[in-house]
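Numbering (my numbering), first residue to last: 5 to 680.
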Amino acid sequence: MNVNKVPPEVMKRAKKLREELNYHSYRYYVLNDPIITDQEYDEMLKELMMLERKYPELITPDSPTQRVGEKPAEGFKEVRHFTRLYSLDNTYSEEEVLEFHNRVKRLLGVDSLEYVCELKIDGLSIALRYESGTLVLAATRGDGVVGEDVTANVRTIKSIPLKLRKPLDIEIRGEVFLPKSEFKAINEERIEEGLPLFANPRNAAAGTLRQLDPHEVARRNLDAFFYQIVDPRRYNLETQWEVLSFMQEIGLKTEPHAKRVKDTSGIIDYWKHWQEEKHSLNYAVDGTVIKVNLIHQQEELGYTAKSPRWAIAFKFPAEQIRTKLIQVSFQVGRTGVITPVAELEPVSLSGTVVKRATLHNFDYIREKDIRVGDQVILEKAGEIIPQIIKTLPELRTGVEKVIKPPERCPVCQGTVGKEKEGEVALRCLNPACPAKLERRLRLFVSRDAMDIRGLGEKLVKRLLTANLVKNFSDLYKLTPFELAQLGTGIGDKTIANLLKEIDKSKDKPLHKLLVGLGIPGVGKKLALDLAMHFENLENLEKAEIEDLLKIQGVGIELAESIYNFFHNKEILEELNELKKFVNTKEPRKKIKGILEGKKIVVTGVLKNYTRKEIHDLIIALGGSVTTSVSSRTDLVIVGENPGSKLEKAKKSGVKTVTEDEFLDMIEGEDSNDLSR
5 MNVNKVPPEV
15 MKRAKKLREE
25 LNYHSYRYYV
35 LNDPIITDQE
45 YDEMLKELMM
55 LERKYPELIT
65 PDSPTQRVGE
75 KPAEGFKEVR
85 HFTRLYSLDN
95 TYSEEEVLEF
105 HNRVKRLLGV
115 DSLEYVCELK
125 IDGLSIALRY
135 ESGTLVLAAT
145 RGDGVVGEDV
155 TANVRTIKSI
165 PLKLRKPLDI
175 EIRGEVFLPK
185 SEFKAINEER
195 IEEGLPLFAN
205 PRNAAAGTLR
215 QLDPHEVARR
225 NLDAFFYQIV
235 DPRRYNLETQ
245 WEVLSFMQEI
255 GLKTEPHAKR
265 VKDTSGIIDY
275 WKHWQEEKHS
285 LNYAVDGTVI
295 KVNLIHQQEE
305 LGYTAKSPRW
315 AIAFKFPAEQ
325 IRTKLIQVSF
335 QVGRTGVITP
345 VAELEPVSLS
355 GTVVKRATLH
365 NFDYIREKDI
375 RVGDQVILEK
385 AGEIIPQIIK
395 TLPELRTGVE
405 KVIKPPERCP
415 VCQGTVGKEK
425 EGEVALRCLN
435 PACPAKLERR
445 LRLFVSRDAM
455 DIRGLGEKLV
465 KRLLTANLVK
475 NFSDLYKLTP
485 FELAQLGTGI
495 GDKTIANLLK
505 EIDKSKDKPL
515 HKLLVGLGIP
525 GVGKKLALDL
535 AMHFENLENL
545 EKAEIEDLLK
555 IQGVGIELAE
565 SIYNFFHNKE
575 ILEELNELKK
585 FVNTKEPRKK
595 IKGILEGKKI
605 VVTGVLKNYT
615 RKEIHDLIIA
625 LGGSVTTSVS
635 SRTDLVIVGE
645 NPGSKLEKAK
655 KSGVKTVTED
665 EFLDMIEGED
675 SNDLSR
């Protein structure tokens, strides 16, 4: 390497860029914990590429410009990909899109081109290998040549078929992601459990796919879209558009908003449309991908050492904004976790006005050195949760104040501390804290739980303030006289309706009660599975960890959590009192009657069940499953991306329901509504 003609300062800068990029590549690909934005990484990479172009002597074998990523982390078996997984070149400007278009035309010697524009899912790259139509391997990208075998975990993703609709030997490329709704629910659960929050859906998806226990992966409800077939012409596919259609045909899920365009104006219109509309999607997208449509043109263009010449990612700019942190307030959750919340000067971000942002926990505050009075950079994690990603210490004036953890609970003034060694969260340790009880009561009376209508957040607070309710069972002891003492807005009619709703809740099935109890890790679906398996609360209370592990989706950590919940002395005392008022059994015969003799068809991808699981549930409840819609079909359950069965059902006048509507139906809420 002749470095004599390279200026020393350029050599120093190139070395620094290589080190920085390799470090951030390691954090992104191996640790799945990036600490800079994609845009910041891309800007550094472009600078290094420019230096290497000007001074080829600077190129080294370990330069980030010469390879796709980092080697896989330890803990999973390594697996070699049939063909390399390349990364995409990307841009943030319309001018560079035009340059890409002109370069491709020049290389192909053509005057016009057709492209396919697709949304760029912000998830984790995955390669699937099918043999005779059966899934035999799922691997992460790794360094593009060697990835990690995550087959056991991928098998738990309900939208990925274990068997294709055709007996093919085929390798597929796609993206695993966590829906925004799941991301929000997981972080809310982690807040209650005092665990660090995931920064964004991509980190959550990556962390989930690297779990060693597939049961824990199954709980997270990952999803996936697929966009590439290795060697598509082997399957007589001549265009990228045909590839997308073929994947749907064989049972693979594709992102539904792809579009064919014929010029750069179409590319830019598509990008602008989705930059505005991306918030309407239930998954994070960070740009669009532009691909030459004709496969033979893709083959002619080929690849650089890093990227395909026939595709480019047109990224959306990072949505961040500067504002001032005015003060910090503290929220107390139902498990006592104290969460610091930043009160901000209002700013508009991602289509909404943001006045508050989570600060996660006090370790996060210390790591970021966040202070009251700071100018801070704000972004929405996964376009959902506003959070402070960094401060601007260079703008400090000296009046900023260090944020200190509260010495007492901000609500009850009780003792605060950590329940176990190594825990991140600070908690109120007072079991009678009103804030904890308020959150627990709000969950208990919610629609998914005991469904006590009319008992909302404000009325719950008034009951607590008046000292009328100290636990769940106190709700069932309320009298008209006591409620009348609450004052303004609580008239005779309101009191009568509320007591009627409370009385109705006494007969709710066991699974509703389990949701309301707030058992860590137990949501709507698992509550139903537990209730149907154990049949009554007493059996569940006596269950050993080995018994709990028999439930679909329950791993060792969750089994221990449920077991510990039902062996907590204070909880058992509360349950024993509650049993005097509410039903503690799952009325299997009553539920079975809902589907007895009914012929049911399922179409599309379900979010809570695999096809086998939903079929087993229907049969357990007395129904029968048929594969085609006819005049004798009683019900069609419709998931995402339904096929022709939905149209046939509509034409035949057969009743259709969503997955959630079906769950409500078997829970007894719409049990009389199976008529067409």
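We treat Cβ as the ideally placed atom computed from N, Cα and C, and that holds for glycine. None of the values given here were measured: they were computed from a predicted structure.
| Asked | Found |
| --- | --- |
| Classify THR492: buried if its beta carbon has 16 or more other beta carbons within 10 angstroms, exposed otherwise. | exposed |
| Over the uninterrupted alpha helix (DSSP H) stretch that includes GLU442, give me the two end residues. | 438 to 448 |
| Pick helix, strand or coil for ILE494, following the three-state DSSP scheme. | coil |
| Since ASP227 sits in a beta bridge, which residues does DSSP pair it with? | PHE181 |
| Any contact between the stretch 329 to 345 and the stretch 307 to 314? By contact I mean 3 or more CB pairs, one from each, below 8 Å. | no |
| How is GLU539 classed by DSSP in three states: helix, strand or coil? | coil |
| I need the DSSP call for ILE174, collapsed to helix, strand or coil. | strand |
| Does the distance from the CB of TYR274 to the CB of THR258 come in under 8 Å? | no |
| Per the DSSP calculation, GLU347 is bridged to which residue(s)? | GLN331 and ARG360 |
| Cα-Cα, which of PRO344, PRO350 and ILE342 is closest to THR327? | PRO350 |
| Helix, strand or coil: how does DSSP classify ASP373 here? | coil |
| Within 10 angstroms of the Cβ of GLY22, are there 16 or more other Cβ atoms? Answer buried if so, exposed if not. | According to the sequence provided, residue 22 is Arg. The question's Gly does not apply to it. Its Cβ being crowded by 16 or more others within 10 Å, ARG22 is buried. |
| Given a cut-off of 8 Å on the beta-carbon distance, is the pair LEU625 and LEU599 in contact? | yes |
| Going straight from the alpha carbon of VAL72 to that of ALA143, what length do you get? | Low per-residue confidence applies at VAL72: pLDDT is 30, beneath 50, and the placement is therefore not dependable enough to give any value. |
| Let me know the secondary structure DSSP gives ILE195 once reduced to three states. | helix |
| Quick check: the Cα distance between VAL221 and PHE187, rounded to an integer number of angstroms? | 13 Å |
| Within 8 Å, do at least three Cβ pairs link the stretch 341 to 350 to the stretch 193 to 208? | yes |
| Helix or strand or just coil, what does DSSP make of ALA531? | helix |
| Rounded to whole angstroms, what's the CA-CA distance from GLU323 to ASP115? Just pull it up for me. | 36 Å |
| With DSSP run on the structure shown, which of helix, strand or coil describes GLN391? | strand |
| Just to confirm before moving on: does the CB-CB distance between LEU25 and MET53 stay below 8 Å? | no |
| Between the alpha carbons of GLU179 and LEU139, how many angstroms are there, rounded? | 16 Å |
| Just to confirm my understanding: we take LYS603, look at its own chain, exclude 5 residues before and 5 after, and list those with CB closer than 7 Å. What are they? | SER628, THR630, ARG636, THR637 and ASP638 |
| Can you tell me which of ASP373, LEU463 and LEU382 puts its alpha carbon nearest to the alpha carbon of SER354? | LEU382 |
| Going by other Cβ atoms of all chains shown within 10 Å of its Cβ, with 16 needed for buried, is VAL642 buried or exposed? | buried |
| What did DSSP end up calling ASN157 once you bin it into helix, strand or coil? | helix |
| What residues in its chain sit with their C-beta under 6 Å from that of PHE538, if we drop five residues either side in the sequence? | LEU544 |
| Answer yes or no: do LEU241 and ILE299 have a C-beta to C-beta separation smaller than 8 Å? | yes |
| I'd like to check one pair, ASP290 with LYS508: are the Cβ atoms closer than 8 Å? | no |
| Report the residue from GLU13, GLU100 and GLU82 whose alpha carbon sits nearest the alpha carbon of TYR59. | GLU13 |
| Distance check for ILE393 and ARG375, CA to CA, integer angstroms please. | 13 Å |
| Excluding the 5 residues preceding and the 5 following LEU532 in the sequence, name in chain order all residues of the same chain whose CB lies nearer than 6 Å to its CB. | HIS515 |
| Could you give the distance in angstroms between the alpha-carbon of GLU548 and the alpha-carbon of SER565? | 12 Å |
| In whole angstroms, what separates the C-alpha of ARG17 from that of ARG57? | 14 Å |
| Take ASN579 as the anchor and find which of THR498, PHE448, LYS497 and ILE555 has the nearest alpha-carbon. | Before going further, note that residue 579 is Leu rather than Asn in the sequence given. When each option's Cα is compared against that of LEU579, the closest is PHE448. |
| Taking DSSP's pairing of strands, which residues face CYS121 in a bridge? | LYS263 and ILE294 |
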